[in-house]
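Under my numbering, the first residue of the sequence shown is numbered 36, with each subsequent residue one higher. Note that the Cβ used here is the ideal one computed from N, Cα and C, for glycine as well. First up is the structure itself, then whatever we jot down about it.
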Amino acid sequence: MFHNHYTKHRLSTIQNGGFGLVELLVSFSILTLVLGTIMVRQDSFNAAVLLRNQSYEIALHAREVQMYAVSILGDAGDYRDIYGLYFDTTNATNRSGYKIYKDTTTGDLRYSDSEEFGVQGKLDQRFEIGDIRTIDSSGSSSDVDSISVVFQRPNFDAKFF
Numbered sequence: 036m037f038h039n040h041y042t043k044h045r046l047s048t049i050q051n052g053g054f055g056l057v058e059l060l061v062s063f064s065i066l067t068l069v070l071g072t073i074m075v076r077q078d079s080f081n082a083a084v085l086l087r088n089q090s091y092e093i094a095l096h097a098r099e100v101q102m103y104a105v106s107i108l109g110d111a112g113d114y115r116d117i118y119g120l121y122f123d124t125t126n127a128t129n130r131s132g133y134k135i136y137k138d139t140t141t142g143d144l145r146y147s148d149s150e151e152f153g154v155q156g157k158l159d160q161r162f163e164i165g166d167i168r169t170i171d172s173s174g175s176s177s178d179v180d181s182i183s184v185v186f187q188r189p190n191f192d193a194k195f196f
């Protein structure tokens, strides 16, 4: 009798163990939906992270330029140099980067070709500077082809030209 009861108990446990076909199909479809959603959104998440990193890199360069401007880097009497960042959208080459410059030759606070200073800013190949918009004191905006962000000692604030 013990043997028969053991055999019946063993058969019932084997029949009730594991997934059935319908349960397995439902589990796979839920898994497919979750993975599909993750894969579709991963690309936009990756692009957002890359754009954020690129903006942090530009902000870091702006901060370095600001520190160059308010710190004394040169010889005695050479402490009023003007440093800046220059962004230009007139052609494809200029759209892929920005210039870091030291305005010592003309003193007009604007960038010229002979004033490049240090390592120049290069954008990731997936990005470019498309448009530059300025907003005046009345709140109206306008498109410009180029802009200089300038720092001049002793002021920590940026000037835009």
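Query, Result
"Nearest residue (CA-CA) to residue 143, options 165, 103, 194", "194"
"Three-way DSSP call (helix, strand, coil) for residue 168 in this model", "strand"
"Cutoff 8 Å; reference residue 155; Cβ partners in own chain excluding five residues on either side", "132, 133, 134, 135"
"Within 9 Å, strictly: CB atoms of residue 103 and residue 186", "yes"
"Option nearest residue 149 by Cα separation, candidates 159, 189, 116, 138", "138"
"Three-state secondary structure (DSSP) of residue 148", "helix"
"Contact check, residue 166 vs residue 124, beta carbons under 9 Å", "yes"
"Identity of the residue in 100, 171, 87 nearest residue 190 by Cα", "100"
"Own chain residues within Cβ distance below 6 Å of residue 89, not counting five before or after", "159, 162"
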